[in-house]
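S.K.:
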Amino acid sequence: MLVYGFINSIILALIALGFSMTFGISRVANFAHGSLYVLGGLLTWFFLIKAGLPYVISVIAAVMIVGVLGAAMYRFLLVRLRGLELAEVISTFALGLIILELMRSMGIMGFQYRLPPFVPGSVSIMGTYVGIQRLIIVGAGLFLMGIIYLFVHHTRLGLAFRGVAQDDHTALTVGINPDRISMLSLMVGSMLVSLSAVLILPLGTISVDDGYDILLKSLAVCIIGGLESTFGVLAAAFILGYAEVLTSMYISSSLSMVVPLLCMLVILLIKPSGLFGKHKELEERI
Amino acid sequence: MKEKRRRERIDRPIKAVTDDIYCISSFREIVYLMLPRALPILLLLLAVFFVPLYWKKVLVITFIMAIMAISWDFLASCGLISLGQALFFAVGAYISGGLNHYLGLPIYVTVPMATLMGGAISAILILPALRLRGMYFSMVTLIIPLMLMRIIEATKIMGGTEGMSGLSSLPGLPFSIAVSVLALFAALFGLRRLLSSDNGMIFLALKDNDRAVEASGLNTLWLKVKAIYIGSALCAFCGAFMTHYYMSVGLSAFALDLSIFPIASCVLGGVGTLAGPLLGAVILGPLSEALRSLGTFRIVIYSALLVIFIAGLPEGIFPFLKRKYEQTERWV
Amino acid sequence: MRRRMSLSVAVCLFGFLALSPAVSFSAEQPIVIGVPSSLKMLESSEALKAIIMAAEEINAKGGVKLGGTNRPLKVASIDTRGGEPGVPISDALLAIEKLFLEQKPDAVVLGPFRSEVLLAAMDLYSKYKMVSINVAMTPKFIEKYNTDPEKYKYCFRMLNAKYVVGYLMKTMSKLNKDYGFNKVYIVVQDVLWATAIGNGMKGWFEKSGWQVAGMDAYPTGASDFSSSLLKAQKAGAQVLMPIFDMASSGTLALQWKDMRVPAVPVGFISPLMGSKSAETFGNDVVEGVVNIAFQAGNVPLAKYPPATDFFNAYKKRWGQELQAGHMPSEAYDSVFVMAGAMEKANSLDPEKLIKAIEEADYNGSIGRIRFKNHEIVFGEDPAETAILVVYQWKNGKRVPVFPDIVAEGPIDKPNWMK
């Protein structure tokens with residue numbers, strides 16, 4: 499049970515990572531996040547099963563396409579709406595709807611959409627059998643988070659990301675183009691989410707309805723952890739992951755969907771910018 | 542360097558005249574003032590009489606959705622941007638459904654009760670979040686309906702996943718149309734009047750600078766409670782009406798579509814104008830109906846339209862039309 | 565990008581045109597069969613295809629004889645989107661009304677299957693006097709019918725969850741008798757029909773000497789089942805009884821395999837239903853799983869030819885095998901029942917039609933169809949009543965194991981249990 503709580507937490511963190519990255523840097527709450535997740539999974543499925551490409555190539559192709567889509571979304575749409583929070587949210591959400599419902603109307607339904615696991619089989623950890631795919635997810639998740647940490651803190655581009663996140667006007671004065679950086683952040687966020695889709699989807703089947711759930715889960719994680727902190731994402735993912743497992747273990751599994759929402763609500767009411775958020779008290783409430 | 546030209550906007554002469562008290566001095570000026578107000582009302586009323594039966598039903602639903610859009614716009618004008626208008630709708634729907642199903646009360650009791658109680662209950666539900674500002678408040682409103690939905694699903698109260706059905710129905714289509722049209726105009730003109738009164742000024746100030754309101758010695762929390770009460774009572778009425786219109790209520794009263802539609806019509810019509818959302822709803826409702834034969838694909842078209850409008854005409858249709866009506870443009 | 569968009573738009577439009585039923589018109593005015601349902605789901609989209617197929621077959625034979633003339637059938641469908649999340653009930657009902665008012669169907673088959681929508685639609689059926697044969701599973705259907713049989717006489721149904729419980733009971737008794745299994749863990753989807761089956765079974769288990777190690781209900785969309793599986797493992801359950809029709813329940817099967825839970829899944833789990841699931845999930849995952857199809861015909865039966873005929877005809881007409889475990893075959897049969905009733909009543913008048921359906925007696929792909937109290941009667945002999953099929957995955961094939969008349973083998977103990 500502890501093992502599965504851990505795995506679920508990492509899965510949650512992976513899902514939310516892209517969302518938090520995008521929001522942290524460009525302040526764009528990307529409500530198309532869930533759709534990009536499903537799209538990434540489905541593209542991989544298409545390349546792998548329909549076009550018969552090798553796994554690695556289909557993953558790279560899918561991730562690239564979704565990344566470009568994310569960048570295009572910023573370049574052609576969001577750049578006109580900078581600063582209009584509501585318009586950003588609505589337009590990204592509408593874009594997400596377009597992607598999801600387009601897939602649905604093209605006949606993506608049923609249960610045959612499934613990615614095979616990288617390595618089948620399972621091993622025993624602390625007396626519980628765990629599928630190797632889940633272990634890969636944990637490994638890849640931790641690895642990705644490490645990479646992102648290093649990238650943001652120790653590369654030129656990463657530092658530019660942080661610069662824009664802190665204050666885009668000042669960033670502009672030192673020669674960083676905030677629009678370009680925001681576009682890149684959206685691209686990286688989209689790539690991250692499609693990558694997480696490729697990792698996670700072999701655990702089940704791909705269904706269009708997942709898009710909404712994924713968006714909600716990433717929102718939950720990001721709100722609890724603080725909308726811009728990578729460490730907060732990890733911490734919040736652990737809180738949620740264990741809360742869910744514990745509820746379905748000891749209280750009732752039918753409540754397992756209520757728990758994240760409840761956590762979110764409580765956090766919003768007590769400390770709106772999240773456990774590790776850095777907002778000023780006056781900004782968030784009156 | 543080549544000089545860039547820009548567009549200059551000037552009020553039309555007639556606008557300048559009619560802004561003043563002399564507006565009644567000529568028939569032309571009266572028409573100029575009355576036309577934009579009377580024409581939509583007349584068109585709507587005419588439409589109600591001359592469309593085929595099925596489209597009458599569509600109109601009823603469009604009117605109800607327009608009320609929700611207007612209510613959203615009112616809340617947004619008070620600085621309370623809600624992403625969960627469905628919550629208020631569902632509260633009203635469940636109250637009237639419950640009263641009718643469990644207590645067997647007739648419609649003319651349940652709908653008014655649901656409207657009044659719905660406003661109060663929604664205000665109480667939202668109360669803890671009212672101190673939050675901006676996006677944080679929006680997030681809370683997004684979450685509460687989702688959570689209530691899951692709670693009803695898990696605890697099986699109020700009919701659980703099956704909902705309550707077989708409720709009493711409204712007496713006939715003409716009655717439904719009359720009620721929805723009257724409610725729509727009452728909401729539109731009532732809120733317009735409210736917002737242009739002194740109290741309305743304070744409501745608007747909540748959005749522009751709530752700290753200034755607080756600093757003026759006014760209780761912002763209480764003001765916001767009042768705003769939420771008015772806005773949610775309107776939605777609760779919509780919920781109660783729809784419950785009886787379709788004789789059933791269920792989990793789908795919390796459906797996301799019900800939260801999105803008002804926002805979409807406001808964005809389309811113009812946020813903060815009250816008449817804009819009505820315009821948006823009257824465009825979007827029948828449009829999505831006309832696309833219905835496309836099945837799921839209509840959501841795609843609908844969303845695409847929304848994106849195009851947000852990017853291309855961010856101010857909305859209503860302010861655009863208003864400007865065209867009242868001002869002339871020229872290059873200088 | 566734009567090119568791709570327009571291309572996909574074209575593809576979609578073409579898809580809609582292809583789907584919108586093109587049944588040939590003859591000189592006579594066609595009889596319109598309405599199909600209002602949420603059509604972007606696997607089960608219902610296949611059911612719609614089956615309905616179109618049935619109409620084509622009837623038309624090929626000259627249509628429905630009515631008052632001396634032969635009238636062809638025409639299928640008019642509308643996508644209510646009722647099964648999708650985020651769609652308000654009013655929207656689904658409006659779609660149904662649009663169908664009723666604009667296409668003026670003479671009867672309805674399939675119908676909405678989200679319980680909430682069907683229950684509300686029952687009032688619409690009465691309002692428009694629309695005779696309907698429905699497929700939704702909600703136990704409240706009959707409850708509501710019984711509150712006012714006169715008002716809701718327009719509604720018939722091809723399914724009742726209580727028969728699923730009955731079949732599962734008998735399957736379980738077999739397992740108990742053959743292998744001495746007596747410990748079960750129940751996991752169900754948290755919707756009324758599934759929990760009703762779960763609770764029905766739980767009651768029976770407790771009465772008949774089984775030990776119920778636990779019962780968990782998961783909300784639609786849940787994707788982690790480890791806590792139940794762990795509990796099942798700890799309790800030493802030999803049978804895992806899942807009742808799910810959501811997409812993410814595929815995760816349950818995979819997780820069950822990954823965690824090496826030593827219990828046989830016996831129940832209803834839709835991702836493992838279709839003939840392709842062995843390919844999708846891998847042979848080792850589905851091997852030994854016992855699943856229940858809610859009607860014959862969705863699974864071919866060597867010992868009941870009409871079921872196989874339907875299955876093969878579907879494959880021939882649409883170039884793809886059926887994947888759904890419920891709806892297509894019953895929808896197919898309900899068109900024939902409806903057409904037969906029209907001929908018998910020799911009229912489209914709802915009152916006469918209802919009477920004819922009440923007296924209907926038709927041998928279809930799901931067995932012999934007769935209605936009692938406006939619901940179809942299921943039994944175990946296809947010559948007497950309609951049947952469900954319990955089958956087991958063996959070597960990547962679906963082998964019917966119950967009812968005995970159509971069984972092609974016993975229920976095997978999975979290899980890893982021996």
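Chains as they are written, first to last, in the working numbering: chain A, 499 to 784; chain B, 542 to 873; chain C, 565 to 982.
We put the CB at the ideal spot given by N, CA and C, even for glycine.
Note that the structure is a prediction, hence the values are computed from the model and not measured.
1. Within the same chain, show all residues whose beta-carbon is closer than 8 Å to that of B:L854, passing over the 5 residues directly before and after it, in chain order.
2. Specify whether the segment 735 to 746 of chain A and the segment 687 to 697 of chain A touch according to this definition: at least 3 beta carbon pairs, one from each stretch, less than 8 Å apart.
3. Just the C-alpha distance for A:L582 and B:K748, rounded to the nearest angstrom, thanks.
4. C:C719 bridges to which residues according to DSSP?
5. For C:S588, decide whether its Cβ has a neighbour in chain B, counting only Cβ atoms nearer than 8 Å.
6. Just verifying my parser: in three-state terms, what is the DSSP assignment at B:W872?
7. What does a CB cutoff of less than 7 Å around B:T651 pick up in its chain, not counting 5 residues either side in sequence?
8. Could I get the ranges of all uninterrupted beta strand (DSSP E) runs contained in the segment 846 to 886 of chain C, with 3 residues as the minimum, in chain order?
9. Confirm, please, whether the CB-CB distance from C:T644 to C:P676 is below 8 Å.
10. Provide the residue(s) that pair with B:D552 in DSSP beta bridges, ordered along the chain.
11. With 8 Å as the threshold, decide whether the Cβ of A:V743 is near any Cβ in chain C.
12. Run through DSSP, which three-state label would C:F677 get?
13. With a threshold of 8 Å between beta-carbons, can C:D788 be considered close to chain A, or not?
14. Which residue's Cα is closest to the Cα of C:M694: C:G852, C:S679 and C:L663?
15. Helix, strand or coil for C:N979, going by three-state DSSP, please let me know.
16. So if I threshold CB-CB distances at 7 Å, which residues from the segment 823 to 846 of chain B count as touching chain A?
17. Residues of chain A with CB under 7 Å from C:S679, in chain order?
18. On the criterion of 16 or more Cβ atoms from any shown chain inside 10 Å, does C:K613 qualify as buried, or is it exposed?
19. Counting C-beta neighbours from all protein chains within 10 Å, is the total for B:K545 16 or more, i.e. buried, or is it exposed?
20. At what residues does the alpha helix (DSSP H) containing B:T784 begin and finish?
21. Start and end of the alpha helix (DSSP H) containing B:M606?
22. At what residues does the beta strand (DSSP E) containing B:R691 begin and finish?
23. Using a Cβ cut-off of 7 Å, pull out every chain C residue sitting near B:A753, in sequence order please.
24. With 16 other CB atoms within 10 Å as the buried threshold, where does B:R550 fall?
25. Check the Cβ of C:L723 against every Cβ in chain B and list those closer than 7 Å, keeping chain order.
26. Within the segment 619 to 654 of chain A, note down every full alpha helix (DSSP H) run reaching 4 residues or more, in order along the chain.
27. When you compare only the Cα positions, how much space is there between C:K821 and C:V849?
28. Using DSSP with H/G/I as helix, E/B as strand and the rest coil, what is C:I969?
29. What residues are listed by DSSP as bridge partners for C:D780?
30. Assign A:G503 to one of three DSSP states: helix, strand, or coil.
31. Among C:D913, C:V901 and C:D788, which one has its Cα closest to the Cα of C:I940?
32. Using a Cβ-Cβ cut-off of less than 9 Å, list which residues of the segment 754 to 774 of chain B approach chain C; keep chain order.
33. Please determine if the segment 652 to 664 of chain A and the segment 537 to 554 of chain A are in contact, where contact requires at least 3 C-beta pairs separated by less than 8 Å.
34. Do you know how far the Cα of C:V830 is from the Cα of C:W768?
35. Name the residue from C:K691, C:P600, C:S641 and C:F935 whose alpha carbon lies nearest to the alpha carbon of B:Y787.
36. Along the chain, which unbroken stretches of the beta strand (DSSP E) at least 3 residues long are found entirely within the segment 701 to 740 of chain B?
M.R.: Quick answer:
1. The residues F861, in chain order, have a CB closer than 8 Å to that of B:L854 in the same chain once the five nearest residues on each side in sequence are set aside.
2. The segment 687 to 697 of chain A and the segment 735 to 746 of chain A do not touch, with fewer than three beta-carbon pairs separated by less than 8 Å.
3. So the two alpha carbons sit approximately 15 Å from each other.
4. Answer is C:S696, bridged to C:C719.
5. Its pLDDT being 42, under 50, C:S588 is placed unreliably by the model, and nothing is read from it.
6. It is a strand residue.
7. Listed in chain order, the non-local C-beta contacts of B:T651 below 7 Å within the same chain comprise S637, L640, N641 and A781, local neighbours out to five positions each way being set aside.
8. List check, beta strand (DSSP E) in window: 854 to 857.
9. Their beta carbons are under 8 Å apart, which means C:P676 touches C:T644 by this criterion.
10. Paired residue(s): B:Q868.
11. Chain C contact via Cβ: present.
12. Three-state result, C:F677: coil.
13. By this cut-off, C:D788 is an interface position.
14. If you compare the alpha carbons of C:G852, C:S679 and C:L663 with that of C:M694, the shortest gap goes to C:L663.
15. Here DSSP, grouped into helix, strand and coil, assigns C:N979 to helix.
16. Result list: G836, T837, F838, I840, V841, S844 and A845.
17. Result: empty, since nearest Cβ-Cβ is about 17 Å, beyond 7 Å.
18. With 16 or more other Cβ atoms within 10 Å, it is buried.
19. Exposed, by the Cβ-count rule.
20. Here the alpha helix (DSSP H) through B:T784 covers T761 to Y786.
21. Per DSSP, the unbroken alpha helix (DSSP H) holding B:M606 starts and ends at L594 to S618.
22. Boundaries for B:R691: no beta strand (DSSP E) harbours it, while the alpha helix (DSSP H) harbouring it runs G675 to T696, taken from the DSSP string.
23. What B:A753 touches in chain C: nothing, since even the nearest Cβ is about 39 Å away.
24. Classification for B:R550: exposed.
25. Ordered by position in chain B, no residue passes the 7 Å Cβ test against C:L723, which lies about 16 Å from the chain.
26. DSSP runs (the alpha helix (DSSP H)) wholly in the segment 619 to 654 of chain A: 630 to 652.
27. Spanning the alpha carbons of C:K821 and C:V849 requires a straight line of approximately 6 Å.
28. Residue state, collapsed to three classes: coil.
29. Note: C:D780 sits in a beta bridge opposite C:V751.
30. The DSSP-derived three-state label of A:G503 is helix.
31. It is C:V901.
32. Listed in sequence order: no entries.
33. Proximity of the segment 652 to 664 of chain A to the segment 537 to 554 of chain A falls short of the contact definition, fewer than three beta-carbon pairs being nearer than 8 Å.
34. Their Cα atoms are separated by approximately 15 Å.
35. Considering only C:K691, C:P600, C:S641 and C:F935, the residue with the shortest C-alpha distance to B:Y787 is C:K691.
36. Counting only runs of 3 or more residues that sit fully inside the segment 701 to 740 of chain B, no beta strand (DSSP E) segment turns up.
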